Amino acid sequence: MADRHLLAALAAGDRAALATAFDRHAPTVLRYAWGLADTPDDAQRLVQDTLAALWREAPTLVLATSALLPWLLVTCRDLHVASTPADADARARHRPRFVGGQVDALPELDRRLVELALGGGHSYQDAARVLGRPVAATARPARRTTKQRTEAVNHGEH
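Last residue of the sequence shown: 792 in the numbering used here, with the numbers rising by one and none dropped.
As structure tokens, this is what we get:
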């Protein structure tokens with residue numbers, strides 16, 4: 635299933651689509667999170683928060699391209715920056731070596747979107763605009779406790 639169809643299924647509340655998104659993208663997001671987080675537990679929480687944000691925002695999410703990975707990586711970065719001191723932003727502003735191969739394998743527009751957002755420190759929306767692909771701003775993912783995140787994913791809460 636292509637990511638655009640996967641997003642439509644997520645927007646419709648299809649929990650199997652969330653499992654598919656997890657299987658497809660969580661390993662890459664986790665490798666990226668390892669480069670940001672101080673501990674393996676923090677990296678796992680970033681992935682969980684990122685996928686919970688996808689589930690929650692799917693009904694209103696408009697992607698700049700047909701790929702979910704750029705949005706997921708930028709959301710992971712944004713969640714990290716929002717939960718850490720200001721100097722963590724510098725750590726988040728590099729092209730992550732842990733996911734370089736996955737980013738290189740993306741279609742050119744998707745790759746450029748990731749590079750602008752992660753390498754240049756742009757938001758997803760700003761990077762999309764630079765590439766001539768404006769998207770509506772989405773709400774900032776809400777901070778949840780670990781228990782709330784787990785329940786949201788397990789019970790399909792948006």
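All C-beta atoms in this analysis are idealised placements derived from N, C-alpha and C, irrespective of residue type, glycine included. Keep in mind that this is a model prediction, so the values were computed, not measured.
For a cut-off of 8 Å, the C-beta gap from T654 to L640 is around 6 Å, short enough to register as a contact.
Residue environment: R711 is assigned as buried (16 or more neighbouring CB atoms within 10 Å of its CB, all protein chains considered). Between the segment 695-712 and the segment 677-684 there are three or more C-beta pairs closer than 8 Å, enough to call the two in contact. By alpha-carbon distance to R658, the top candidate from V715, P741 and A701 is A701. Here the C-alpha atom of A651 lies approximately 17 Å from the C-alpha atom of L697. At least 8 Å separates the beta-carbon of A739 from that of A751. Going by beta carbons, W705 and Y666 fall outside the 8 Å limit.
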